[in-house]
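Contents: one structure, followed by commentary.
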Amino acid sequence: MRDQTPTELPDEQNLFKRLKPPFEQSGEELWDKLEKSLTANGDTVDSSQTPGSRRSLRRRFRLVAAAAILILAGLSLSFRFYTKTITCPKGQMMTISLPDGSTVTLNADSRLEYHPLWWWASRTAHLEGEAFFEVEKGSRFSIHSEIGTTNVLGTSFNISTRNSRYEVYCQTGKVEVVARQSGEKAILRPGMLAKLDTSLVVQEHVSAREATDWRAGYFSFKARPLKEILEEIARHYDISIKVEADRDMSAQFSAHFRFPVSPDSALMIIGANAGFQYIQESDQSFQLLPQNSPTLFPEKK
Amino acid sequence: MLQNGWKGLPQSPSAGHTSHPQTSCKNLTKQQFKVCYDQYFDSIRSYLYFRSGNAELSTDLAQEVFLKLWEKKGSFEARNLKGLLYKMANDLFISSIRREKVATKYLDRLKLDLYAENPEEVFQYQELKDQYEKALATLPEKQRVVYLMSRLEALTYKEIAARLGLSVKAVEKRMGQALGRLRKQLNDHA
Chain A
21 MRDQTPTELP DEQNLFKRLK PPFEQSGEEL WDKLEKSLTA NGDTVDSSQT
71 PGSRRSLRRR FRLVAAAAIL ILAGLSLSFR FYTKTITCPK GQMMTISLPD
121 GSTVTLNADS RLEYHPLWWW ASRTAHLEGE AFFEVEKGSR FSIHSEIGTT
171 NVLGTSFNIS TRNSRYEVYC QTGKVEVVAR QSGEKAILRP GMLAKLDTSL
221 VVQEHVSARE ATDWRAGYFS FKARPLKEIL EEIARHYDIS IKVEADRDMS
271 AQFSAHFRFP VSPDSALMII GANAGFQYIQ ESDQSFQLLP QNSPTLFPEK
321 K
Chain B
25 MLQNGWKGLP QSPSAGHTSH PQTSCKNLTK QQFKVCYDQY FDSIRSYLYF
75 RSGNAELSTD LAQEVFLKLW EKKGSFEARN LKGLLYKMAN DLFISSIRRE
125 KVATKYLDRL KLDLYAENPE EVFQYQELKD QYEKALATLP EKQRVVYLMS
175 RLEALTYKEI AARLGLSVKA VEKRMGQALG RLRKQLNDHA
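Chains A and B supply the protein sequences, listed in that same order. Take the first sequence: its letters are residues 21 to 321, numbered as in the working numbering. Take the second sequence: its letters are residues 25 to 214, numbered as in the working numbering.
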């Protein structure tokens, strides 16, 4: 009997709650352009005009409207493609606000590109390096990097992509990670971490400590190859670290400690862990000593 | 609230009389116009979209409607403003079809944007949305417009009737037809 009365179709109510016509600009955004056409022609219109002049006025309206629409199209094209690049150099961290209130904290040696004028239509950015995002609820927010893409709808998460590594940690909300080459997808909830290596792997119950403590002021390494640890330290202090060829750079170590003020303290801690010694050659450059070096403790210069 | 603002407008003097700049009450102020714009622009644009399935055309025509409204400001009765706006939109739509053959009679699908809370919801509703988009495109324009004004704009049948200049019974009939067709389309492809 229910089928005969015009009641609901499959999941109709839930669906239409979430639908909207696909207009690129909202009424408010279009108002400004419309307003300009008004002052150009509207104020001077006299209702007592003869029909003939009204027609020519109408034609002029059309031309102005057409011109306005052309300018609109040209403007919106430049709006769409105007790019802002935020580069966080080595030795620094930066936090920026995006036009919708979302914030991004960039770690050392990271770069974010986005289109600020097009932000209200589509929130898309390009990231190389590492950044922590806090995204305002709203339309889809996409961050593309060379090897992966992360899509979110209001949440906070960390993306770390250096060299051929792509890692995403979800802190709150839900995040979708896409491997660009293989097309593999994964959905992350808080505490989950996605790693893209040869394939996309998801780990659960990862603490925020490891993924996001860089923001709190800690070096946090969990079973990381020595190569990555040293690269991270080099980026953070903007120094160069030279290594002898015979050292095994893929050996893994774990460490968690506050950012020391000086780089050599950091190297001392890692060195104790990983079993290496080093010398400081200049303000900005360090050299790891070969494995069987006789020097016991390096001298501070 | 809007209606009160409009009711106060007096009729314009007949053609042939010169108007004095001091009698400004016959002119619509920009503020009143903006209030009207804020209230109805989205609806008019959506109405045009429900008919044509063309987002750019709908946006252009909707702006033209309001431009025309501004142009007419001193010379019409604002008794049924929303009815007037819809009528103007209809007239512009028809003349744009005739003029440029822009809107195609046959719609492939009526695209809609899906706003979901999270990626799982997107996944959940994506396919259903696809089915509805195709099904909606097969509806006759009259039925589709009424259906979408009801489901997307959440307007009552009474309100739809007032805007489109129909009786409530006529709206009910079109809704019933639309639902019947949609049910058939969705069941066939379910």
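Each residue gets a CB set at the ideal place from its N, CA and C atoms; glycine is no exception.
Using a Cβ-Cβ distance cut-off of 7 Å, determine whether residue i contacts chain B.
{"i": "Thr-64 (chain A)", "result": "With a pLDDT of 40 at Thr-64 (chain A), under the threshold of 50, the modelled position of this residue cannot be trusted; read the value that follows with caution. No, no contact with chain B."}
{"i": "Phe-43 (chain A)", "result": "yes"}
{"i": "Lys-194 (chain A)", "result": "yes"}
{"i": "Ile-179 (chain A)", "result": "no"}
{"i": "Asp-303 (chain A)", "result": "no"}
{"i": "Phe-153 (chain A)", "result": "no"}
{"i": "Gly-149 (chain A)", "result": "no"}
{"i": "Val-38 (chain A)", "result": "The residue you asked about is not Val; residue 38 (chain A) is Arg in the sequence shown. Closer than 7 Å: yes."}
{"i": "Asp-31 (chain A)", "result": "yes"}
{"i": "Gly-121 (chain A)", "result": "no"}
{"i": "Ile-163 (chain A)", "result": "no"}
{"i": "Leu-208 (chain A)", "result": "no"}
{"i": "Leu-58 (chain A)", "result": "yes"}
{"i": "Leu-216 (chain A)", "result": "no"}
{"i": "Gly-322 (chain A)", "result": "Residue numbering for chain A in the displayed model covers 21 to 321; residue 322 (chain A) lies beyond these limits and cannot be assessed."}
{"i": "Leu-173 (chain A)", "result": "yes"}
{"i": "Gly-47 (chain A)", "result": "yes"}
{"i": "Leu-54 (chain A)", "result": "yes"}
{"i": "Leu-246 (chain A)", "result": "no"}
{"i": "Leu-35 (chain A)", "result": "yes"}
Could you please give me the residues that DSSP links to residue i through a beta bridge?
{"i": "Lys-262 (chain A)", "result": "A:Gln-307"}
{"i": "His-164 (chain A)", "result": "A:His-146, A:Thr-169"}
{"i": "Pro-245 (chain A)", "result": "A:Gln-272"}
{"i": "Val-197 (chain A)", "result": "A:Thr-170, A:Ala-206"}
{"i": "Phe-180 (chain A)", "result": "Residue 180 (chain A) is actually Ser in this sequence, not Phe. A:Glu-150, A:Glu-187, per the DSSP bridge assignment."}
{"i": "Lys-215 (chain A)", "result": "A:Glu-187, A:Val-221"}
{"i": "Phe-277 (chain A)", "result": "A:Phe-239"}
{"i": "Ile-299 (chain A)", "result": "A:Gln-307"}
{"i": "Lys-40 (chain A)", "result": "B:Asp-137"}
{"i": "Thr-175 (chain A)", "result": "Paired residues: none, contrary to the question."}
{"i": "Thr-192 (chain A)", "result": "A:Ser-176"}
Whole-angstrom Cβ separation of residue i and residue j, contact assumed at under 8 Å?
{"i": "Arg-38 (chain A)", "j": "Ala-140 (chain B)", "result": "6 Å"}
{"i": "Thr-110 (chain B)", "j": "Leu-188 (chain B)", "result": "First, the amino acid is wrong: residue 110 (chain B) is Tyr here, not Thr. Right, the Cβ-Cβ distance comes to about 6 Å (below 8 Å), so this counts as a contact."}
{"i": "Leu-203 (chain B)", "j": "Leu-29 (chain A)", "result": "7 Å"}
{"i": "Ile-68 (chain B)", "j": "Ala-79 (chain B)", "result": "That pair is no contact at about 14 Å."}
{"i": "Thr-105 (chain A)", "j": "Arg-131 (chain A)", "result": "7 Å"}
{"i": "Leu-134 (chain B)", "j": "Ala-161 (chain B)", "result": "5 Å"}
{"i": "Phe-296 (chain A)", "j": "Ile-259 (chain A)", "result": "Actually they do not touch by this definition, with Cβ atoms about 16 Å apart."}
{"i": "Leu-147 (chain A)", "j": "Ile-163 (chain A)", "result": "5 Å"}
{"i": "Asn-171 (chain A)", "j": "Arg-160 (chain A)", "result": "6 Å"}
{"i": "Ile-167 (chain A)", "j": "Tyr-189 (chain A)", "result": "Contact flag wrong, Cβ pair sits at about 16 Å."}
{"i": "Thr-83 (chain B)", "j": "Phe-43 (chain A)", "result": "6 Å"}
{"i": "Asp-120 (chain A)", "j": "Gly-94 (chain A)", "result": "Not quite, the Cβ-Cβ distance comes to about 25 Å (not below 8 Å), so this is no contact."}
Using 7 Å as the limit for Cβ to Cβ distance, is residue i near chain A?
{"i": "Asp-217 (chain B)", "result": "With chain B covering 25 to 214 only, the question about residue 217 (chain B) has no answer from this structure."}
{"i": "Gln-150 (chain B)", "result": "no"}
{"i": "Arg-175 (chain B)", "result": "yes"}
{"i": "Asn-78 (chain B)", "result": "no"}
{"i": "Lys-193 (chain B)", "result": "no"}
{"i": "Pro-143 (chain B)", "result": "yes"}
{"i": "Phe-119 (chain B)", "result": "Reading off the sequence shown, one finds Ser at residue 119 (chain B), where the question assumed Phe. No, no contact with chain A."}
{"i": "Leu-188 (chain B)", "result": "no"}
{"i": "Arg-207 (chain B)", "result": "yes"}
{"i": "Leu-72 (chain B)", "result": "no"}
{"i": "Leu-116 (chain B)", "result": "no"}
{"i": "Ala-140 (chain B)", "result": "yes"}
{"i": "Ser-48 (chain B)", "result": "Residue placement at Ser-48 (chain B) is flagged as unreliable, the pLDDT there being 26, under the threshold of 50; the coordinate-derived value follows with that caveat. It does not; no Cβ of chain A falls within 7 Å."}
{"i": "Lys-226 (chain B)", "result": "Nothing about residue 226 (chain B) can be read from this structure; chain B reaches only from 25 to 214."}
{"i": "Arg-198 (chain B)", "result": "no"}
{"i": "Leu-131 (chain B)", "result": "no"}
{"i": "Leu-210 (chain B)", "result": "yes"}
{"i": "Leu-136 (chain B)", "result": "yes"}
{"i": "Pro-45 (chain B)", "result": "The predicted position of Pro-45 (chain B) is uncertain, since its pLDDT is 29 and thus under 50; no value can be drawn from it."}
Along the segment 103-114 of chain B, what residues have a CB closer than 8 Å to any CB found in chain A? none
Closer than 8 Å, Cβ to any Cβ of chain A: which residues of the segment 53-65 of chain B, in chain order? Lys-54, Phe-57, Lys-58, Tyr-61, Asp-62, Phe-65
Which residues, in order along the segment 153-173 of chain B, keep a beta-carbon less than 8 Å from a beta-carbon of chain A? Lys-153, Tyr-156
Residue ranges of each beta strand (DSSP E) within the segment 77-137 of chain A, 3 or longer: 104-108, 114-117, 123-126, 130-134
If the cut-off is 7 Å on Cβ atoms, which residues from the segment 74-98 of chain A count as contacting chain B, listed in chain order? Phe-81, Ala-85, Ile-89
With 7 Å as the limit, tell me which residues of the segment 77-96 of chain B have their beta carbon closer than that to any beta carbon of chain A; keep them in chain order. Ala-79, Thr-83, Asp-84, Gln-87, Glu-88, Phe-90, Leu-91, Trp-94, Glu-95
Those runs of the alpha helix (DSSP H) which lie wholly inside the segment 166-202 of chain B and span at least 4 residues: 181-188
Alpha helix (DSSP H) runs contained entirely in the segment 47-86 of chain B, provided each spans 4 or more residues: 54-76
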